[in-house]
Structures are given as structure tokens and as C-alpha cells.
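To start, the structure itself, in C-alpha cells.
Protein chains: 2
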Amino acid sequence: MKVSVRKREIIKVASQLFKDKGYNAVSMRDIALELGIKAASLYNHIEGKQEILSILVLDLAKEFTLGMNKIASSELSPTQKIEQLIEMHIDITVTQSEALAALNNDWMHLEGEDLKSFIEMRDDYEENFRSIIKAGIANKEIKNYHPEVILFSILSTLRTLYLWYQKRGKLDVNVLKKDMVAVLLKGII
Amino acid sequence: MKVSVRKREIIKVASQLFKDKGYNAVSMRDIALELGIKAASLYNHIEGKQEILSILVLDLAKEFTLGMNKIASSELSPTQKIEQLIEMHIDITVTQSEALAALNNDWMHLEGEDLKSFIEMRDDYEENFRSIIKAGIANKEIKNYHPEVILFSILSTLRTLYLWYQKRGKLDVNVLKKDMVAVLLKGII
DNA sequence: GTCTATAGGATGATAGAC
DNA sequence: GTCTATCATCCTATAGAC
Chain A
1170 MKVSVRKREI IKVASQLFKD KGYNAVSMRD IALELGIKAA SLYNHIEGKQ EILSILVLDL
1230 AKEFTLGMNK IASSELSPTQ KIEQLIEMHI DITVTQSEAL AALNNDWMHL EGEDLKSFIE
1290 MRDDYEENFR SIIKAGIANK EIKNYHPEVI LFSILSTLRT LYLWYQKRGK LDVNVLKKDM
1350 VAVLLKGII
Chain B
1170 MKVSVRKREI IKVASQLFKD KGYNAVSMRD IALELGIKAA SLYNHIEGKQ EILSILVLDL
1230 AKEFTLGMNK IASSELSPTQ KIEQLIEMHI DITVTQSEAL AALNNDWMHL EGEDLKSFIE
1290 MRDDYEENFR SIIKAGIANK EIKNYHPEVI LFSILSTLRT LYLWYQKRGK LDVNVLKKDM
1350 VAVLLKGII
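This is the structure:
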């Protein structure tokens, strides 16, 4: 799995364009133009447009899966696990917001096995998160609301954080983590 | 502003396709196929593909703007205003999830004045929401966290609710409102 | 590693018959 | 109101020269 410098450049440039306009609205010519070369030259480094999307989405999905597995299998309490998950999402948002945009918005344009394996990873991730919440409710650490409402409320905030962090990016990451954990866990009133 | 029955059918079918695949991945031929006619026939009812997107996104944006203006200018407390906003989002999610998907994911494919007026409505909406939160903090009704974190956390949950409601759609709307208001306002622990 | 040239197909939209 | 036929343009990708 060695990836050349040029290939990494292509993926990076493409991810920035995907973030703004979406996978389908970005052409190989757009990507090439940004790199100062012709579209045909891209094919010396990558197999095609699909490969760029697969790398972006699947690499990040694997990173989320690894992080979740580590946290889920730890000895922490449910609440502490959720705190760790929130912090993981914030760290990934700060360092990989472009790939996160592709994962959120363009995963449906994956094809074949790539699409299947993405959906499987996403479903596993949600199932792990759901189990942590349910353990917390059983535990009395977490209030007895509908677990799906809790899961959705936290996940949707974390998943779209990238949209907002770029605009309000001046906010210190540690302040963000502290306030975000507090708002999501303890509410606002 | 009279809209023919056929035109409404076209917009409805298109919105369902846009929701699944995104504006750019849906062709006029796809829309026509779903209606059992040829792509060229669509142009007797609509100006073009762009018009479908404009109607979907701008009509819904205007509905949000109206709802916000009514709530913001009421005599309710900041917390009560936020409750009303949450309920409004849930009602719109339940009745217009396809248009909501377009508003969330495809607004950037609007052009010219339509794009400008959408962005203006969206910014106004957020500014109104922000003011309500700040009034609540000044009021001591709402805890003194970073207002942007509170705003983002609530808005991102409400904006992506349509993604989740379709999957877990069996949940009763009133149960959803009750639990969602509680989770967002009072937290989970 | 980049180029030019081009294949082969999809796209949004129009003209004009029925 | 729908059709067939078609245009002009864009798209991803390949072949082969340099």
C-alpha cells in the first residue's frame, strides 16, 4: 500500500474540491487544472475518479472503526466512553475535514465492494455507539430517553462538525472539546 | 404563482431522486423515466433542471424564515422559543423530508440570485437563533457555554433529522418531540 | 510524467411533427 | 402534452508521441 507523493497531492486537491461542490460536480479536468496539469496525466498516478473517492472514504471509515473498537473495549464507564468518542470526532474533524465531508456527503457514490464495506463499517460503528448508550441507561448513568434519540442527537452533531469548524475555526480545540462534551452530556439549561 | 398539477408531480418525483443520489447525479432522463414520459416532455412544464432545485430549496427556506420570524417576535421566553423551534423542525422533517434533503445537500448548486437569496435567508435564520440563545444566557435560563457551540449542536441535530427519521420512522412524532426537546435542552446525564 | 488527440457515452436543452 | 430527432457540450478514460 505505498502511495506516491504525487498521488497524495491529487487526493488532497480532489478532496478540497469535493468538499465544496460534491463528488459529481467535480470533473477530472477541475482536479487537473488545480494541479497545473492536464486531466489525462492524472491517470499515470491513479486508476480513476472512483479510486480517489474510495481512498478518501474508506481510509477514514477504517480510522473511525479502529478508534471505536479501542474505546468500546476499554474499561471506561459508558459516560467516559462517550466523552472519548466526542473527543475523537473533534480531533478527526480538525485534521481531516475534507475527507470527513466526502464520508458524509459522497459515500453513496461508492460502487460495488467499496460501497458494501463502507455501509458495514458505518452500521457497526452505530451499533457500538448504541450499545454504549444502552449500557449507560441500564447503569442509570444516562437518563432513560429513547436510545435512538440520544444516539442520533450526538452523532448528527459530531458528523456535521466539519461544516461549522471551518467557519468558526478560530475557536481553540480544547475549549471546543470541553464545551461540546458539556452541551451534549449535560444539556444547556 | 400558479403551479400546475403536472409540475407538482415533476417536482415531487425529482425531489425523491435528489434525496437518494444528489442533484448532480440525477438526470432529466431519470426524472422522466420515473414519470413514464420522455425527457423532452418535461420542458413543457418546467423551465429546466435548475428551476426544480430553486423551487424545492427556496420555498422551504421561506417557510423556515416565516416560522422563525413568528417565534422570534413572540413574547415567549428564550427557552420556550427554542422548544418551539425544535418542534417546527420536527414538523417540517416529517412532512417535507425530500425538500429538506435538497436544502441541506444541494443548495450550493443554486445559481445567481437564487443562491444569493438562499444564503441570505440561511444567515438570517442562524442570526435569529443565535440571538435567542444569547438572550437566554443573559437571562440565566441557559448555561454560559460558548453560544456558537450551543447553536451548532442544536441546529446540526435538527437539520439532519430527516436522514434518521426515514429509517426509524415508526417512532411517534409526539414522543420524538418530547424526547428531542429533553435531550437537547436538559442533556442525557 | 506530461502532453495531444480522440474515443465513446451521458447530459441539458431545443425544434418541430403529431 | 408527448413524441422523435438532434445539437452542442461535457464527461471519464485510453493510446501513443515526446
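In order, the protein sequences belong to chains A and B. Under this note's numbering, think of the first position of the first sequence as 1170, with each following residue one higher. Under this note's numbering, think of the first position of the second sequence as 1170, with each following residue one higher. We treat Cβ as the ideally placed atom computed from N, Cα and C, and that holds for glycine.
- Short of 8 Å from the beta carbon of Leu1354 (chain A), and not among the five residues preceding or following it, lie these beta carbons of its own chain, in chain order: Thr1248, Ile1251, Glu1252.
- Look at Trp1333 (chain B): its C-beta is under 8 Å from a C-beta on chain A.
- Just so you know, the alpha carbons of Lys1303 (chain A) and Asp1199 (chain A) end up roughly 46 Å apart.
- Under the three-state reduction of DSSP output, Ser1173 (chain B) falls in the coil class, being neither helix nor strand.
- With a cutoff of 8 Å on beta-carbon distance, Ala1271 (chain A) and Ser1184 (chain A) are scored as near each other.
- Contact with chain B is absent for His1258 (chain A), since none of that chain's Cβ atoms lies less than 8 Å from the residue's Cβ.
- Ranked by Cα distance from Asp1275 (chain A), the options A:Glu1178, A:Lys1171, A:Leu1186, A:Ile1179 are led by A:Leu1186.
- Taking 8 Å as the cut-off, the beta carbon of Arg1328 (chain B) is found no closer than this to the beta carbon of Asn1238 (chain B).
- For the 8 Å CB-CB criterion, Asn1313 (chain A) and Ile1306 (chain A) form a contact.
- The CB of Asp1348 (chain A) comes closer than 7 Å to the CB of Tyr1314, His1315, Val1318 in chain B, given here in chain order.
- Under the Cβ criterion (8 Å, minimum of three pairs), the stretch 1228–1237 of chain B counts as touching the stretch 1291–1302 of chain B.
- If you draw a straight line from the Cα of Ala1241 (chain A) to the Cα of Gln1335 (chain A), it comes to about 29 Å.
- Using a Cβ-Cβ cut-off of 8 Å, Phe1187 (chain A) does not count as an interface residue toward chain B, since no Cβ of chain B sits closer than that to its own.
- Shown here, Val1352 (chain A) sits in a helix according to DSSP, grouped into three states.
- With 16 or more neighbouring CB atoms inside 10 Å of its own CB, Ala1268 (chain A) falls in the buried class.
- Note on geometry: alpha-carbon atoms of Asp1260 (chain B) and Glu1216 (chain A) lie some 45 Å from one another.
- Around the beta-carbon of Val1318 (chain A), 16 or more other beta-carbon atoms lie within 10 Å, marking it buried.
- The beta carbon of Phe1298 (chain B) sits no closer than 8 Å to any beta carbon of chain A.
- Ser1243 (chain B) counts as exposed, since fewer than 16 other beta carbons sit within 10 angstroms of its beta carbon.
- A direct Cα-to-Cα measurement between Val1195 (chain A) and Tyr1212 (chain A) gives close to 16 Å.
- For Lys1309 (chain A), the three-state secondary structure derived from DSSP is coil.
- Straight across, the Cα-Cα distance linking Gly1205 (chain A) with Asp1283 (chain A) is about 30 Å.
- 8 Å or more divides the Cβ of His1258 (chain A) from the Cβ of Leu1320 (chain A).
- Interface with chain B (8 Å Cβ-Cβ cutoff): Glu1220 (chain A) is excluded.
- Inclusion of Phe1298 (chain B) and Val1226 (chain B) in the CB contact set at 8 Å is not warranted, their separation being larger than that value.
- Cα atoms of Glu1310 (chain A) and Met1349 (chain A): separation of roughly 18 Å, rounded to the nearest angstrom.
- In terms of beta-carbon proximity, Val1226 (chain B) stays away from the interface with chain A, with every pair separated by 8 Å or more.
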